[in-house]
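Q: One structure, as structure tokens, below. Some questions next.
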Amino acid sequence: DFADGLAFCAIVHHYFPDAFDFNALNRNNKQNNFDLAFRIAEEKAQIHPLLDSDDLVNGELDKKCVFTYLLTLYHGLKNREIMTNKHLLNENYK
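Reminder that position 90 of the sequence shown reads as 269 in the working numbering, one-by-one numbering, no gaps.
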């Protein structure tokens, strides 16, 4: 369920575990959860938020928009992970 922002936070936290304390998040603080996930994704992976946290908090959850953002998030984070792994491999073989 993406209604409280925790799913977005979990995805972002998987790739950036030092960016925030996932266990300290509160499912009742939806605005903070959405804002945090979108901000960290943008700061750390240059993935611009395609969703507005105000709309999501107010229950205006457009499933197609959420799906589009999830695809963008997935591809951005996966590409970043691949590039990081390639860099590490290159460094190990120098």
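Positions of the beta carbon are idealized from the N, C-alpha and C atoms, including for glycine.
Since we're looking at a predicted model, the values are computed, not measured.
Hey, would you say Leu229 sits closer than 8 Å to Cys244, going by beta carbons?
A: Yes; because the gap between Cβ atoms is below 8 Å, this pair is in contact.
Q: What does the Cβ neighbour count give for Gly238, buried or exposed, with the cut at 16 atoms within 10 Å?
A: So Gly238 ends up on the exposed side.
Q: Using only CA atoms, which one of Leu240, Ala189, Leu249, Tyr253 lies nearest to Arg206?
A: It is Ala189 whose Cα lies nearest to the Cα of Arg206.
Q: If distances are taken between C-alpha atoms only, which option among Asp200, Phe187, Leu240 comes closest to Glu221?
A: Considering only alpha carbons, the answer is Phe187.
Q: Assuming contact is defined by CB atoms lying nearer than 8 Å, are Leu185 and Leu204 in contact in what I supplied?
A: The answer is yes: Cβ separation under 8 Å.
Q: Please state whether DSSP places Glu222 in a helix, a strand or coil.
A: Glu222: helix per DSSP, three-state reduction.
Q: To which residues of the same chain is Tyr248 closer than 6 Å at the C-beta, ignoring the five residues directly before and after it?
A: If we look at Tyr248 and ignore the five residues flanking it on each side, its Cβ neighbours are Leu229, Leu230.
Q: Work out the CA separation of His254 and Asn211 for me, nearest whole Å.
A: Rounded to the nearest angstrom, the two C-alpha atoms are 24 Å apart.
Q: Where does Ala186 fall in DSSP's three states?
A: Helix, per DSSP.
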